[in-house]
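Peer 1: Numbering (our numbering), first residue to last: 60 to 723.
The beta carbon of each residue, even a glycine, is placed where N, CA and C say it ideally should be.
Submitted below is the structure of interest, expressed as structure tokens.
Laid out in structure tokens, this is it:
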């Protein structure tokens with residue numbers, strides 16, 4: 060080798076290494092940069108990753124330092140920062156001489172390791188997946204044991220070319236299995252280096268390559284569609300001819316109590332008879348074994364996905380109202396569910412509009428003027444939407460005009476109360492429905508300077524709601540106004556139970572009843588807190604949550620109509636929402652009506668919500684009696700939806716959930 064070339068190489072190698080030392084990524088929300096992630100390679104076994112993004116004033120900020128051993132397993136890891144809603148992140152892991160030990164805000168544990176095992180941090184970054192897929196690819200078995208529990212594998216689904224600034228590279232869509240209820244999809248290059256992820260309206264790509272995200276999102280959605288199509292083929296049963304369900308107690312949602320020891324017959328997706336007097340010759344007979352037959356449940360505050368549809372049906376939720384989604388994605392899910400190509404509920408759609416601001420919502424339509432917002436209302440109306448939901452950044456002065464245009468389109472107006480506006484004024488300006496129980500309290504707790512576009516809309520209520528006199532004239536007059544104007548309230552109180560009561564390291568009270576049924580990693584997630592609940596604020600936040608429940612009871616007693624919504628984990632959250640209404644003091648029978656016939660009528664539907672001849676076959680068989688024990692609402696044994704029958708036990712077991720019903 061010539062001396063000049065040798066010295067040139069010595070000079071260039073450090074420069075090349077330095078150029079590769081930091082890999083930068085862009086977080087993107089609706090195509091706009093909302094954060095960043097940087098991976099700094101200290102050496103080939105030591106990295107430091109920082110990641111943060113801003114989502115309406117919320118978002119995590121994480122520093123994640125990782126050391127690998129010679130086998131490519133994590134031998135040491137330190138994670139610090141704060142989580143999405145601000146809870147502290149402080150995590151350490153070590154693997155020495157076959158002993159794995161870890162400590163974080165939710166757990167302190169250790170395990171003796173006989174072979175390779177890969178630690179999954181409670182609050183790590185997406186760079187974790189690059190290290191994981193490299194470890195899986197290098198393993199002989201093409202799988203890796205996970206810590207604290209589980210096993211991870213991946214499958215290559217498809218490949219495509221991405222381009223930026225004259226550069227081109229091939230990236231591969233990997234379906235990573237071992238987390239949650241369905242595969243985690245990510246894009247990686249030929250060397251398994253992370254290129255990007257798509258999460259609906261959010262995503263992340265290599266810095267500057269964001270223009271490729273829409274293409275990758277479409278390919279990923281096709282893969283997800285195919286996955287859930289396969290699930291539908293496995294777990295959907297056709298109901299041909301006449302099906303007779305006998306030996307059941309029927310809650311019709313219109314009659315008082317139960318119709319005891321009766322039968323229901325369906326044909327071609329319709330109920331043709333209720334009662335033993337009907338002379339039915341059935342092609343199929345199902346013995347209800349003395350259990351309860353009732354209308355399918357409604358979730359009136361959903362953000363539907365294909366996974367969410369699957370979970371809803373397993374939980375007995377046959378109808379949902381979607382309150383914010385990307386139009387094309389929502390229409391695709393609707394088509395798949397309606398055609399029985401994927402397992403999911405009937406969807407009723409609300410259009411979503413916010414005003415452009417630093418705190419804008421990450422989906423729907425963002426208006427820069429009142430005129431544009433009015434055009435968006437017409438756009439949704441032309442496409443058959445039933446409702447318009449507005450968000451926190453909307454100019455309060457726009458509300459009267461928005462309400463007038465919404466009503467002209469024969470739709471209803473609902474949403475968050477815009478920041479710097481009182482709830483009372485929103486009602487007077489034309490709101491038909493209010494999302495989230497905290498919005499009612501902000502009427503009394505927020506002042507003219509309170510920016511409720513931010514997490515203040517949660518913390519102010521957590522700090523102060525327990526101090527509000529719910530028997531005061533001001534509160535009574537406000538509730539009377541809601542009743543007078545027939546304003547519907549969508550409390551989503553379950554999300555505030557977790558937010559206000561859940562301390563790190565304890566199972567979220569909203570999911571205590573189901574935690575032991577869940578896959579280990581999902582159960583672990585229930586140990587994380589949203590806000591920093593500690594000795595200083597714990598008592599105040601408990602009082603505030605009780606105030607939310609008391610408000611729900613007062614609303615119901617005053618005749619204000621309630622609708623049950625979740626805005627959280629599909630299926631299971633609705634069950635808890637109904638339990639909390641009962642805990643607030645509403646009778647079980649009234650709670651069940653709220654979740655069935657009342658919601659159906661509010662959604663403008665007359666052919667579902669009850670069990671009667673001529674109604675659509677849209678009902679569930681529950682093991683137990685929810686009129687006596689509202690928690691029996693979880694014990695869904697069978698789901699009848701049109702001409703299809705679903706068995707929740709099969710649906711749950713396929714995704715690693717221990718069934719809630721022993722019915723066979």
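Find out if the Cβ-Cβ distance for the pair residue 678, residue 355 is shorter than 8 Å.
Peer 2: Taking 8 Å as the Cβ cut-off, residue 678 and residue 355 qualify as a contacting pair.
Peer 1: What is the rounded straight-line gap between the Cα of residue 639 and the Cα of residue 138?
Peer 2: Straight-line Cα distance between these residues: approximately 36 Å.
Peer 1: Can you tell me the Cα-Cα spacing of residue 479 and residue 406, whole angstroms?
Peer 2: In a straight line, the C-alpha of residue 479 is about 32 Å away from that of residue 406.
Peer 1: Please state whether DSSP places residue 696 in a helix, a strand or coil.
Peer 2: Three-state DSSP puts residue 696 in a strand.
Peer 1: For residue 167, count neighbouring Cβ atoms within 10 angstroms of its own Cβ and tell me buried if that reaches 16, exposed if not.
Peer 2: Counting Cβ neighbours within 10 Å, residue 167 comes out exposed, since fewer than 16 surround it.
Peer 1: On a Cα-Cα basis, can you pick out the residue from 164, 254 and 608 that is closest to residue 96?
Peer 2: The shortest Cα separation from residue 96 among 164, 254 and 608 belongs to 254.
Peer 1: Just verifying my parser: in three-state terms, what is the DSSP assignment at residue 504?
Peer 2: Residue 504: helix per DSSP, three-state reduction.
Peer 1: Excluding the five sequence neighbours on either side, which residues of its own chain have a C-beta within less than 8 Å of the C-beta of residue 272, listed in chain order?
Peer 2: Here the set comprises 87, 90, 255, 257, 262 and 264.
Peer 1: How big is the Cα-Cα spacing for residue 476 and residue 128?
Peer 2: Residue 476 and residue 128: Cα-Cα distance of roughly 53 Å.
Peer 1: Take residue 372 as the anchor and find which of 212, 384, 401 and 651 has the nearest alpha-carbon.
Peer 2: Closest by alpha carbon: 401.
Peer 1: Can you tell me whether residue 718 is helix, strand or coil according to DSSP?
Peer 2: Coil, per DSSP.
Peer 1: Whose CA, out of 297, 180, 174 and 617, lies closest to the CA of residue 398?
Peer 2: Nearest option by C-alpha distance: 297.
Peer 1: Skipping 5 residues on each side, what residues in its chain have a beta carbon closer than 6 Å to that of residue 714?
Peer 2: For residue 714, where only same-chain residues beyond five positions count, the Cβ hits under 6 Å are 240.
Peer 1: Which residues share a DSSP beta bridge with residue 318?
Peer 2: Answer is 309, bridged to residue 318.
Peer 1: Classify residue 394: buried if its beta carbon has 16 or more other beta carbons within 10 angstroms, exposed otherwise.
Peer 2: Result: exposed.
Peer 1: Cα separation between residue 482 and residue 616?
Peer 2: Looking at the two C-alpha atoms, the distance is approximately 20 Å.
Peer 1: For residue 184, which option in 203, 136 and 204 has the closest C-alpha, if you only look at C-alpha atoms?
Peer 2: It is 136.
Peer 1: Using only alpha-carbon positions, find the residue among 310, 80, 469 and 232 that is nearest to residue 274.
Peer 2: For residue 274, the nearest C-alpha among the options comes from 232.
Peer 1: Rounded to whole angstroms, what is the Cα-Cα separation between residue 242 and residue 195?
Peer 2: Near 15 Å, if we compare the C-alpha coordinates of residue 195 and residue 242.
Peer 1: Among 366, 145 and 277, whose alpha-carbon lies nearest the alpha-carbon of residue 286?
Peer 2: Considering only alpha carbons, the answer is 366.
Peer 1: Relative to the C-alpha of residue 668, which residue among 353, 441 and 160 is closest?
Peer 2: For the residues 353, 441 and 160, the minimum Cα distance to residue 668 belongs to 353.
Peer 1: Spatial neighbours of residue 703 within its chain, please: C-beta separation below 8 Å, excluding the five flanking residues on both sides.
Peer 2: Excluding positions up to five away in sequence, the list reads 295, 296, 297, 298 and 399.
Peer 1: With a threshold of 7 Å on Cβ separation, who are the neighbours of residue 511 within its own chain once the five nearest residues in sequence on each side are excluded?
Peer 2: Correct list, in chain order: 451, 478, 501 and 505.
Peer 1: Classify residue 336: buried if its beta carbon has 16 or more other beta carbons within 10 angstroms, exposed otherwise.
Peer 2: Residue 336 comes out exposed.
Peer 1: Anyone know if the C-beta pair for residue 676 and residue 330 falls short of 8 Å?
Peer 2: In contact: residue 676 and residue 330 (Cβ atoms closer than 8 Å).
Peer 1: Would you call the CB atoms of residue 473 and residue 488 closer than 8 Å?
Peer 2: Not closer than 8 Å, so no.
Peer 1: What's the C-alpha gap between residue 539 and residue 546?
Peer 2: Cα to Cα, the separation comes out at about 10 Å.
Peer 1: Should residue 132 and residue 177 be called a contact, given that it needs their Cβ atoms to be closer than 8 Å?
Peer 2: Yes, they are a contact pair.
Peer 1: Output the distance between the C-alpha atoms of residue 653 and residue 621, rounded to the nearest integer angstrom.
Peer 2: One C-alpha to the other measures close to 7 Å.
Peer 1: On the DSSP bridge list, what partners appear for residue 205?
Peer 2: DSSP output for residue 205 lists 177 as bridge partner(s).
Peer 1: Rounded to whole angstroms, how far is the Cβ of residue 637 from the Cβ of residue 623, which I believe are closer than 8 Å?
Peer 2: Their Cβ separation, rounded to whole angstroms, is 6 Å, which keeps residue 637 and residue 623 in contact under 8 Å.
Peer 1: With the cut-off set at 8 Å, would you say residue 312 and residue 681 are in Cβ contact?
Peer 2: Contact: no.
Peer 1: Taking 8 Å as the threshold, find out whether the segment 572-579 comes into contact with the segment 657-667 through three or more Cβ pairs.
Peer 2: Cβ pair count under 8 Å is below three, so no.
Peer 1: Is the segment 418-429 close to the segment 446-465, with three or more CB pairs under 8 Å?
Peer 2: Yes, the segment 418-429 touches the segment 446-465.
Peer 1: In the DSSP assignment, what are the bridge partners of residue 231?
Peer 2: DSSP output for residue 231 lists 218 and 247 as bridge partner(s).
Peer 1: Based on the DSSP secondary-structure assignment, which residues constitute the bridge partners of residue 159?
Peer 2: Beta-bridge pairing links residue 159 to 154 and 170.
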